[in-house]
Structures are given as structure tokens and as C-alpha cells.
Amino acid sequence: MTETTYAHRTDSFEEKLRLLEAAWKRRDFRLARALTHSLRDTAMQTQHEEEIPGKSLMAATRFDAVASLPPAWRNWALGWQHCKTIHLDEPLGLERPPEPVEVLLSFPSAQVTSLAREIRVARVTDGALREVPCQVHGEVRRGAERLAKVLFMAGGTMHQRQTYLVFFGNPDAELPAYPTDLETRGEGFGLDIENDYYKASLSRQMGQLERMSIKRDHGLELFAGGEGHGEPPCIDWAHDYAASGHFQKFRVTLWETCPDYEVVRGPLATIVRRWGFPHSPVHPVFTPSRVHVDVEYRFYAGLPWFHKSGTMEAVKEFEAPALRDDEWVFSGNSFTEILWMGPDGKLKTGNPPPDSRENLWAVGFANPQSTDSFVALFLEHRGDGLPELKHNGSPSLFYRSHGQLWSRYPLPVKQVPAGAVLWQKNAYAALPFTAKDGPRLLEELRHRLVNPLMPSAGEVPKADAAKEQPGRLARPGEAGDSPISKQALWAALRDCKDEQLYSADINLVDLGLVHDLRVRGETVHVLMAMPHRGRPRLGYFTFGSGGNSMPVQKRLLQVPGVKKVLVEQTWAPAWNSNRLTDEGRRKLGLPA
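See below:
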């Protein structure tokens, strides 16, 4: 068959299932294993193209032209063409320190080239615009729209409404580089994440939070000692469940590597999401596909706490005499007091009384002498398709073979029906704790996090509210003032092709492999990705080899004024088909 369409050049999920079933019937196990890997690749590509990202805060068509803004703001935002307006409302009547705000926004595809490069956030303050560091992630294309999550930090005054403008539509924009205290080191999910308050180390084996150092005074190290259950010990021991009859326990900590994961790295947040089925102590002898675990850590710049959220979903009915969705273990006996909070939101010390042990909304430990503490604040905990969950997890200052720990067993039943889901969202805080101030600080933190700032679609303030202001939003080269025309540089890059797609005649710009383009004097800096880890050598495009007739450096050096070209490689974010231009999609045969 002559291949002329995208459907001809790949195989569908359904076709691969048919081939897999045939291979299984023939007992051709190596082919069956290969086809399961190929099925996963199909699922990943279909997810890139079709996964519903959520509901945008406002319609893609709801925006204002920068040209319509008051002159002072218009001049400050020179280079950008459009903006959206967001209101943030403070619901509690509290003075709030900064907290993360994340909104999903959609934009007309015809008006943006790269949301990661172009989006800027500015707060309206006393009639002036002040840029706010932001982080853009999860960019996807859906039809005639592009969507992305925009994360920024915001505080608030009691019952105050704040207004923010989100600027977009600037082809000369560069990836912003906001300086923060958040540092992320490592590759994949095995990361060290550090800010001014703590350093968190994720297991290089399965990505669980393994150790944590509190960065003050003597620098308390939180760790779990020993040899675990044969796997590396972690302070975060969730998520797991005991099989029928307590025959064995399935744990995510027994993953030899993450079955699947996504990582977002940026100046404001590092997000690590992992998912899969827990493993048996003798994996793969037992491989039930019954409980799908999906868990995410979020570590932030400038904050002494982090989030963990996730689900445990019953793919099919099963029996679980025990299941844990939150367990933390600390060796070394660093803490001297138990902390807990009931539904009244008041922090207490000592063992919870019997009538409170099934309704806990914060648990943890403290040492008032050293002022160290580590506390889990349970923000959301609910079940779908189940009776009311148990909100337990009474801490213990000493548990044999473990140390200091808490374990939450939320299941109200042993027989879990298919489709049941356990949901949770927690914050884990390492605040200085004194008998005088510690309880109040933790109570206020949980109260704020349960009642966050409320974003909504807004309207641009009236023109008479605008004031003249110094400075501008654009960095050098972002407002049509590049010493070498960026339009000419992008045009030159379109002459650089991926010649491994022999007859597609597709260039690097239409493939979306160029993340950023900066000009500094006579030097051009290009940030590029490779399509996948099987092609890790960027030099193929940079200086040419293996049939690449127009390398990036050679072509850009032909642009008048360019004396030096630096090409840097990145894997974050990973490339996918959402980065293709309209022309790129046409040349690969993908739907528009």
C-alpha cells in the first residue's frame, strides 16, 4: 500500500490491540512485549493530541488589544499586541503572604507563536503596572486555540480585589529568566529541589521523597533509616494496599523505576507527577491491574511548605483489608511532641483522644526546644463511589523498626467497587515551631490554603486609573529593537531542515524544535530540543553530519551582522506534536 496520509504512516491503537491478541494466542511473547511498548507510545501521542486540558478561565476570544490600553500602559508594554485581564479576590478578610496561583488560559492560535516565550504577567498597583514573575507550562494546541497553565505568586489584603494583565502576542519575546531561590538539580524524576527553607531529595529509583533537610540552625535532616522492605527507604512511604487475606502488600515504593512520569521545572515551581500500578514484593509474578495510583509533588520558590496531591482509583473491584494514602516515617527521634488538628481547625499537642482519631485534618511532629517541626495539613480528602472516608493517621513518637511515623488508612470498607476513587491534596510544612506561635502559624496556613485566592475573568481598569511609570516590560531585543532582525533569523532557520524526514521537506521552525532565540550584540543564542531521547545528538542540526546539508550555525552566520552562533540543547520541556506549526502539521499529515 502506498502511504499518503498520517493514518497510513502509523498504526492505530485498535490495530495494535489486534496484533497483540494474535501474538498472545501464538505465545509469541517477545512480539507481545514489543507491541505493549508500541501501544504505550500510541497512548502517549494520542494524549498529546487529544487530552482535555481542563476549562479555561475565560474564552480564547476574550482579550483586549494593547493599543487600546491607556497610553502609559501601552508604552510600558511596547512589543506585545494583546492582553487578558484576571481578577483575584481575597475571600477570608486576612492579610495573606504570597501563595501560588495557577490559571488555565486559552488563546487564539493565530495570535501566538509560543506561550512559554510570550506570556508576561503584570499587576495593576496604584495605577501602574508591575511585572510579576510567572511560569508557563502544559502548553497544548486544540484546534484554533492554544492553552497553557500560568502560575504566579500573589498575596492579598483582606477582601481585596487585585487585577492582573496577562500579555501575549510578541514574536520577538524571549524565554524570561526570573531569579528565585528555587534550584532543581538532576535528571528525570530523581531530583534535588532546594529553596531558602529546605532541600528535598527524590529517590533516584522511583521518585518518592527520600530525604529532606530543613535549612536553618543545625539543619535537621529528615530521613528513614534501615533497608526498608528491600527498597530504598523514604520518608514518604505512601501509597500501598494489602491484598486479600493479607497475602502481600503492593507498593509504589517497589517500582524499579517510575512506570510513567511528567516533570515541570521552572523558576516558581518544580512539579513531579508519577503514576502506575503498585508492585508486588516478587514482581512480576503478581501483576494485578486493580489500583491505579497517580501522585504529584509541587515544590515552590520562597515557601516553607510543598504540596502533594493524587488519586488511588479502583480499575476493577478488589478486596483490600488495608490501604494507605499517606504515611511518613522519620528515624533519629528528632521530635518530642505530637501535633494534630480536628475539624475545628485548632492545632493541639499530645495523642488525639479516641473520639477524634477518625477525623484528623493535620498531623505531625515538633520539638519546641529545637523549634523544628514537620506537619501534614490535609486540605482535601474524599472518595467517589465509597462511603465517607476515614480521616485518621494518629502520629506515634516511636514505632518499632520504623521510628516516628503516621499512617492514614482511609478505606471505610474492604470491598472496593470498580470506579471508586480516593482523592487527596495535602500541604507539608516545615515551620519554626514554638509553643507560643507554632499553633497559630499552622492554623492560619491551613485556613488560607483551604480558602485560596479566587481568580476570575476581569475587565481592564478605566483609563483614568492609569499613571505614568518608568521602565518597560520588554527586555533588550523584545520590542523590535534587536541589533539583528529576529524576523530575519527566524526566516533563516526555516532553511534548516530535518532531512531524516526524507520527502516531507519540513524545517526546524515548523517542527517546533526551536524554543528560544536571543541576540546579544553580534552573537545569536538558539535554544533547541531534539524530538526524542533516541536522537540525543543536537550536533546533527547545529553543525551538520549524516546528510544535514544546512546546519543552524552555517545558516545563521550568513545573516548580516551575525558573527557568532551559540546553540544550546534542552530536554525541559520535552518536545511533542503540540509544538508543530500549522505548516508543520500539514507536512506531517496531522489534522489541523
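Letter 169 of the sequence shown, counting from 1, is numbered 168 in numbering that gives the first Met the number 0, and no numbers are missing.
Quick reminder that beta carbons are idealized off the backbone N, C-alpha and C, glycines included.
Quantities reported herein were computed from a predicted structural model and do not represent experimental measurements.
If you reduce the DSSP assignment to three classes, tell me which class residue i lands in.
i: GLU226; result: coil
i: TRP405; result: strand
i: LEU302; result: coil
i: TRP339; result: strand
i: LYS563; result: strand
i: GLY476; result: coil
i: MET549; result: coil
i: GLN557; result: coil
i: GLN368; result: coil
i: TRP236; result: coil
i: ALA58; result: coil
i: MET43; result: helix
i: THR112; result: coil
i: ALA428; result: strand
i: GLN468; result: coil
i: PRO438; result: helix
i: ASN350; result: coil
i: PHE28; result: helix
i: LYS604; result: Any property of residue 604 remains undetermined from this structure, which presents the chain solely from 0 to 591.
i: ALA321; result: strand
i: ARG445; result: helix
i: HIS637; result: Examination of residue 637 is not possible in this model, given that the chain is present from 0 through 591 alone.
i: ASP463; result: helix
i: LYS307; result: strand
i: GLN247; result: coil
i: THR35; result: helix
i: ARG8; result: helix
i: ASP581; result: helix
i: VAL131; result: strand
i: ARG17; result: helix
i: LEU103; result: strand
i: ALA571; result: coil
I'd like the list of long-range same chain contacts for residue i, defined as Cβ closer than 7 Å, with 5 residues on each side in sequence excluded.
i: LEU510; result: ASP497, LEU579, GLY583
i: GLU182; result: GLU193
i: MET157; result: GLU89, GLY92, LEU93, GLU94
i: GLY479; result: GLY78, ASP171
i: LEU440; result: LEU430
i: LEU346; result: LEU338, MET340, ALA361, PRO438, LEU441, GLU442
i: ARG129; result: ALA121, ARG122
Among the options, whose alpha-carbon lies nearest the alpha-carbon of residue i?
i: PRO469; options: ALA31, TRP72, PRO178, LYS24; result: TRP72
i: VAL523; options: GLN486, TYR501, LEU500, ALA503; result: GLN486
i: SER113; options: GLU467, PRO572, PRO454; result: PRO572
i: GLU98; options: VAL564, VAL294, LEU150, THR162; result: LEU150
i: ILE483; options: THR9, LYS562, HIS531; result: LYS562
i: PRO96; options: SER67, LEU146, GLY155; result: GLY155
i: TYR177; options: ALA268, GLY538, SER202; result: ALA268
i: ARG471; options: ALA6, ARG26, ALA127, VAL564; result: ALA127
i: PHE12; options: GLU567, THR4, SER37, THR3; result: SER37
i: GLY543; options: VAL566, GLY533, GLU521; result: VAL566
i: GLY142; options: ARG29, ALA59, TYR427, THR4; result: ALA59
i: HIS217; options: ALA153, ILE118, GLN368, LEU346; result: GLN368
i: LYS15; options: GLU2, ALA33, ARG29; result: ALA33
i: ASP325; options: PHE540, GLU261, THR252; result: THR252
Using DSSP's beta-bridge definition, name the partner residues of residue i.
i: MET211; result: ALA199, LEU221
i: LYS83; result: VAL165
i: MET453; result: ASP88
i: TYR260; result: ARG273
i: VAL120; result: VAL131, VAL165
i: PHE329; result: GLN403
i: GLY382; result: LEU421
i: THR183; result: ILE192
Beta-carbon within less than 8 Å of residue i's beta-carbon, same chain only, minus the 5 sequence neighbours each way: which residues are those?
i: GLY344; result: TRP360, GLU442, ARG445, HIS446
i: SER288; result: PHE276, VAL314, LYS315
i: PHE334; result: PHE364, ALA365, ASN366, ASP371, SER372, PHE373, LEU396, GLN403
i: ALA419; result: GLU312, ALA313, GLY382, ASP383, GLY384, LEU385
i: ASN74; result: ARG471
CB-CB under 6 Å to residue i, same chain, minus the five flanking residues each way: which ones, in chain order?
i: GLU393; result: Contrary to the premise, residue 393 reads as Ser rather than Glu in this sequence. Within the same chain, SER393 has close Cβ partners PRO351, ARG356.
i: GLU318; result: SER243, LYS413, GLN414
i: ALA491; result: ARG554, LEU555, VAL558
i: VAL263; result: HIS136, ILE270
i: THR179; result: PRO266, ALA300
i: ALA429; result: TYR197, ILE213, PRO303, PHE373
i: ASP191; result: ARG184, GLY185, SER200
i: ALA417; result: ALA313, LYS315, GLU316
i: LYS83; result: PHE62, VAL165
Compute the minimum distance between the beta carbon of residue i and the heavy atoms of the ligand GDP, and state whether it is under 6 Å.
i: LEU526; result: With respect to the ligand GDP, the structure shown offers nothing to examine, as it has no ligands at all.
Exercise. Within the stretch 135-169, note down every full beta strand (DSSP E) run reaching 3 residues or more, in order along the chain.
Key: If we require 3 residues or more, the beta strand (DSSP E) runs fully inside the stretch 135-169 come out as 144-155, 160-167.
Self-check item: Contiguous beta strand (DSSP E) assignments of at least 3 residues, all confined to the stretch 490-543
Solution: You should have 513-519, 522-527.
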